[in-house]
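A.B. asks:
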Amino acid sequence: MQPRQLRWETLAALRTSGKGRLSYCRRWLQDEDILEGCMSPLVLSPYSGWVLDRMVGQSAQEITPSRSSTPKESAPLTNRSSSLEKVTPASRRGSSPLSLDLPGFLRELLILYSVTDFAYMLTTQGNDDLSLLETDQEVFPAVPPSKVAEVEGCIRMYEEMHRLKGKEGLRQRQEQQEQMVRAVYDLASEQLKRFDELKELKQHQEFQDLQEVMEKSSKEAQGQQEKLKEEHRHRAKVLNLKLREAEQQRQRQEELERLRKEEGQERLRRLYSIQEEVLQLNQQIDPNYRHKDLPRIDLSAYSNRGNQICGLVSGLIRTTSERGFPTQVDVANTERALQEMRGLISSMQQEIAAAVEEKRRKDEEEERQKKKELLKKEQMKAQTPAPAQQSGGKQQKEGLQVKAEESTMQWYQQLQDAAEQCIASFSGISNCKDNNEVKKIKTDLQKAATIPVSQISRIAGSQLREIFDKINNLLSGKSVQSGGRTVSVTQHPQGLDFVYYKLAEKFVNQGEEEVASHRDAAFPIAVVASGIWEIHPRVGDLFLAHLHKKCPYSVPFYPALKEGTSMEEYQRMLGYQVKDSKMEEQDHFLKRMSGMIRLYAAIIQLRWPYGNKQGTHPHGLNYGWRWLAQMLNMEPLADVTATLLFDFLEVCGNALMKQYQVQFWKMMLLIREDYFPR
Numbered sequence: 001m002q003p004r005q006l007r008w009e010t011l012a013a014l015r016t017s018g019k020g021r022l023s024y025c026r027r028w029l030q031d032e033d034i035l036e037g038c039m040s041p042l043v044l045s046p047y048s049g050w051v052l053d054r055m056v057g058q059s060a061q062e063i064t065p066s067r068s069s070t071p072k073e074s075a076p077l078t079n080r081s082s083s084l085e086k087v088t089p090a091s092r093r094g095s096s097p098l099s100l101d102l103p104g105f106l107r108e109l110l111i112l113y114s115v116t117d118f119a120y121m122l123t124t125q126g127n128d129d130l131s132l133l134e135t136d137q138e139v140f141p142a143v144p145p146s147k148v149a150e151v152e153g154c155i156r157m158y159e160e161m162h163r164l165k166g167k168e169g170l171r172q173r174q175e176q177q178e179q180m181v182r183a184v185y186d187l188a189s190e191q192l193k194r195f196d197e198l199k200e201l202k203q204h205q206e207f208q209d210l211q212e213v214m215e216k217s218s219k220e221a222q223g224q225q226e227k228l229k230e231e232h233r234h235r236a237k238v239l240n241l242k243l244r245e246a247e248q249q250r251q252r253q254e255e256l257e258r259l260r261k262e263e264g265q266e267r268l269r270r271l272y273s274i275q276e277e278v279l280q281l282n283q284q285i286d287p288n289y290r291h292k293d294l295p296r297i298d299l300s301a302y303s304n305r306g307n308q309i310c311g312l313v314s315g316l317i318r319t320t321s322e323r324g325f326p327t328q329v330d331v332a333n334t335e336r337a338l339q340e341m342r343g344l345i346s347s348m349q350q351e352i353a354a355a356v357e358e359k360r361r362k363d364e365e366e367e368r369q370k371k372k373e374l375l376k377k378e379q380m381k382a383q384t385p386a387p388a389q390q391s392g393g394k395q396q397k398e399g400l401q402v403k404a405e406e407s408t409m410q411w412y413q414q415l416q417d418a419a420e421q422c423i424a425s426f427s428g429i430s431n432c433k434d435n436n437e438v439k440k441i442k443t444d445l446q447k448a449a450t451i452p453v454s455q456i457s458r459i460a461g462s463q464l465r466e467i468f469d470k471i472n473n474l475l476s477g478k479s480v481q482s483g484g485r486t487v488s489v490t491q492h493p494q495g496l497d498f499v500y501y502k503l504a505e506k507f508v509n510q511g512e513e514e515v516a517s518h519r520d521a522a523f524p525i526a527v528v529a530s531g532i533w534e535i536h537p538r539v540g541d542l543f544l545a546h547l548h549k550k551c552p553y554s555v556p557f558y559p560a561l562k563e564g565t566s567m568e569e570y571q572r573m574l575g576y577q578v579k580d581s582k583m584e585e586q587d588h589f590l591k592r593m594s595g596m597i598r599l600y601a602a603i604i605q606l607r608w609p610y611g612n613k614q615g616t617h618p619h620g621l622n623y624g625w626r627w628l629a630q631m632l633n634m635e636p637l638a639d640v641t642a643t644l645l646f647d648f649l650e651v652c653g654n655a656l657m658k659q660y661q662v663q664f665w666k667m668m669l670l671i672r673e674d675y676f677p678r
């Protein structure tokens with residue numbers, strides 16, 4: 001093989017080696033001053049052939065001495081270095097282009113370093129291969145190792161500088177890229193914010209548009225609704241007017257019908273009352289009536305006419321009942337019949353009165369004649385002794401009194417004076433009108449005294465002890481609850497006298513009202529009153545004063561009509577209630593008197609079961625016995641005496657019988673035999 005051909009094959013092998021195939025990043029084009037040599041394709045210098053020939057020749061000269069002896073190696077090395085020194089100046093002189101192109105020179109040094117390594121490799125393979133490096137003309141001197149190391153150090157220094165510069169360029173490039181990325185990111189962020197703001201603005205505008213549309217539709221719907229409401233109100237108003245008119249019409253018709261019915265019922269009641277009166281008047285006409293003093297009077301004509309009038313009235317009522325309600329004409333006809341019946345009765349009474357008057361005159365004439373005859377007989381008997389006196393019973397009958405005993409009237413007057421003094425003692429609290437505090441205390445005390453008494457009833461039961469304790473505590477000066485307020489008689493100096501008076505008055509009122517309506521209520525009220533009377537005697541005295549003033553028959557006492565006393569005042573003194581100059585009915589009067597006497601009769605026989613039973617009753621059965629005796633010693637009053645005796649004996653008769661026994665039965669015999677006939 002020819003040496004020249006071997007050289008070019010070596011160059012071809014170097015081109016295809018790892019370093020020959022190096023490629024660089026195209027982005028380094030910006031730094032052409034640094035990376036131009038690296039990016040350019042690998043091209044041999046025009047001096048590379050000469051350098052290679054010299055290196056191969058030098059290598060052939062070094063191989064022959066190495067075989068003979070070792071000490072001779074220094075000479076070739078010296079020659080090699082000198083040859084290199086020789087070559088170097090020559091090359092420096094003849095290579096002006098290389099000195100101007102530093103990257104090209106470095107590239108040739110790299111190639112030279114590679115060729116040196118390859119030549120050294122060939123020397124180690126043996127003598128057989130040395131012939132390959134021989135050239136036809138000349139042999140290149142070998143490069144000294146120190147120069148090779150220097151070149152290699154320069155190369156590595158340059159590579160390190162190039163690497164650092166490339167790293168700095170990469171770092172700057174990376175910073176630029178990061179700044180660019182950051183700028184792009186910031187721009188993208190700002191654009192995203194603007195996009196979001198635009199999107200939010202668009203959504204807000206859409207929402208505003210939607211809200212405006214909804215508000216507009218809502219206003220339209222509201223307007224439509226208001227219009228419908230207005231129409232509904234108008235229709236409702238019209239309907240209400242029609243309904244009101246219809247209702248008013250119906251009410252007018254009902255009112256007219258009611259008035260017609262009321263008038264018809266009133267006329268019918270009037271007819272019935274007229275018929276009843278006619279029948280009552282007709283009953284006064286008895287065809288068989290014969291007056292005891294007028295046996296010759298005949299009333300059959302009056303009876304016949306009365307029966308005719310009754311038949312006429314009954315026929316009218318029967319006819320009107322079948323027809324419905326009577327008319328005014330029917331009422332007028334029945335009233336005319338009633339007037340005729342009254343006239344008939346009046347005529348009959350006048351006829352009877354005339355006959356009675358005539359008979360009375362005749363009787364008076366006869367009586368005068370008899371008196372004259374009796375007078376003559378008495379004158380004749382004047383000289384004879386007086387006849388025997390009548391029996392004791394007859395004397396008692398003739399000796400009944402009208403007025404109460406003197407001692408009883410003194411007792412009555414003392415109680416009334418005590419009541420007047422009590423009223424005067426609390427005049428400051430009763431007559432106060434300007435002081436609201438005193439008026440409030442007065443109202444509270446009156447309620448505290450009267451309300452517990454009002455709660456006593458015939459079914460009070462276990463509440464009696466609670467009521468008694470409440471009243472007793474109030475009178476003892478303790479505080480009690482009344483109407484949610486704390487009340488005490490110590491709130492005012494006159495409070496105790498005021499409570500005494502009002503409590504006694506309330507007990508009497510309960511007898512007048514509660515006992516009069518419910519007779520068995522006398523016992524629970526009496527047992528509380530008796531217990532209070534026993535602890536607080538002044539209440540008992542005021543109770544008797546109130547009782548005697550409202551029911552003078554409980555003394556017993558019949559007030560007399562004095563000169564200068566009006567009839568209304570006298571009726572009040574008798575116990576009647578007079579309102580608007582009209583006295584109460586007798587039945588109501590007797591009912592009130594009965595209630596008070598029953599309460600009094602219950603008090604004198606009952607005692608408080610939880611009190612001290614060692615002492616005597618403050619107003620016991622002895623007072624009841626005295627009342628009964630004095631009542632029987634007085635002339636009886638119509639209705640009043642019988643009612644009071646019955647009520648008194650019904651309540652406490654059994655207690656009097658147990659107390660007085662035989663004397664009580666004697667009293668009963670006296671009532672039956674001597675008092676009933678009166």
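Final position of the sequence shown in the numbering used here is 678; the numbers increase by one with none missing.
Glycine is no exception: its CB is placed at the ideal position from the N, C-alpha and C atoms.
For clarity, every value in this text was computed on a predicted model and none was experimentally measured.
1. Using a threshold of 7 angstroms, state whether the C-beta atoms of I532 and I456 are closer than that.
2. If V515 sits next to L599, beta carbons under 8 angstroms apart, how far is it from one beta carbon to the other, in whole angstroms?
3. In this structure, what does DSSP give as the bridge partners for T741?
4. Does the beta carbon of V539 sit closer than 7 angstroms to a beta carbon anywhere in chain B?
5. Enumerated in chain order, which unbroken segments of the alpha helix (DSSP H) with a length of 4 residues or greater are wholly contained in the segment 594–663?
6. Looking at the structure shown, is V578 part of a helix, part of a strand, or coil, going by DSSP?
7. One question on the structure: do R458 and A521 come within less than 7 angstroms of each other, judged by their Cβ atoms?
8. For V487, count the other beta carbons within 10 Å of its own beta carbon; 16 or more makes it buried, fewer makes it exposed. Which is it?
9. Under 8 angstroms Cβ to Cβ from V683, same chain only, skipping five residues before and after it: list those, please.
10. Ends of the alpha helix (DSSP H) at T408?
11. Keeping to the same chain, check which residues put their C-beta closer than 8 angstroms to that of W665; ignore five residues upstream and five downstream.
12. Alpha carbon to alpha carbon, what distance is there between L228 and H204?
13. What are the partner residues of M583, as DSSP defines its beta bridges?
14. For K19 and A13, I'd like the C-alpha separation in whole angstroms.
15. Going by the CB atoms, is the gap between F426 and Q494 shorter than 7 angstroms?
16. Below 8 angstroms on the Cβ atoms is my guess for Q275 versus I309; work out the distance and round it to an integer in Å.
17. Just the C-alpha distance for K165 and D186, rounded to the nearest angstrom, thanks.
18. Identify, in the order they occur along the chain, each residue of the same chain with its Cβ nearer than 6 angstroms to the Cβ of K442, setting aside the five sequence neighbours on each side.
19. Once DSSP output is grouped into helix, strand and coil, what is the label at I274?
20. Based on Cα-Cα distance, which residue from L547, L474 and V499 lies nearest to N509?
21. Here's a check: name, in chain order, each residue in its chain whose Cβ is nearer than 8 angstroms to the Cβ of G575, leaving out the five neighbours to either side.
22. Could you pull the start and end residues of the alpha helix (DSSP H) that K549 belongs to?
23. Are the beta-carbon atoms of L344 and Y302 separated by less than 7 angstroms?
24. Buried or exposed, going by whether 16 or more other CB atoms sit within 10 Å of the CB of Q586?
25. Could you spell out where the alpha helix (DSSP H) holding G495 opens and where it closes?
26. Using the beta-carbon count (16 or more within 10 Å), is M409 buried or exposed?
27. DSSP state of R235, grouped into three classes?
28. Give me the Cβ distance between G540 and P636, rounded to the nearest whole Å; I'm assuming they're in contact under 8 angstroms.
29. For the alpha helix (DSSP H) that Y675 lies in, which residues bound it at each end?
30. Identify, in the order they occur along the chain, each residue of the same chain with its Cβ nearer than 7 angstroms to the Cβ of A545, setting aside the five sequence neighbours on each side.
31. May I ask you to report which of helix, strand or coil DSSP gives R458?
32. Please state the DSSP three-state secondary structure of K86.
33. Cβ of G620 within 7 angstroms of Cβ of E534?
34. Taking only the alpha-carbon atoms, compute the straight-line gap between R626 and C422 and give it to the nearest angstrom.
C.D. replies: A quick look at the data gives this:
1. no
2. 5 angstroms
3. For the chain, the structure presents residues 1 to 678; residue 741 sits outside this window and is missing.
4. Absent from the structure: chain B. Only one protein chain is present.
5. 621–632 and 640–660
6. strand
7. yes
8. buried
9. Residue 683 lies beyond the residue range present for the chain, which begins at 1 and ends at 678; the question has no answer from this structure.
10. E406 to S425
11. M657
12. 34 angstroms
13. V578
14. 11 angstroms
15. yes
16. The Cβ separation is near 10 angstroms, so there is no contact.
17. 31 angstroms
18. I429
19. helix
20. L547
21. K550, C551, P552, Y553, F589, R592 and M593
22. P537 to K550
23. yes
24. exposed
25. G495 to Q510
26. exposed
27. helix
28. Wrong, their Cβ atoms sit about 29 angstroms apart, outside the cutoff.
29. Unbroken run through Y675: none, as it is neither H nor E.
30. L415, Q416, A418 and A419
31. coil
32. Unreliable positioning characterises K86 in this predicted model, as indicated by a pLDDT of 38, which lies under 50. The coordinate reading is nonetheless provided below. Helix.
33. no
34. 27 angstroms
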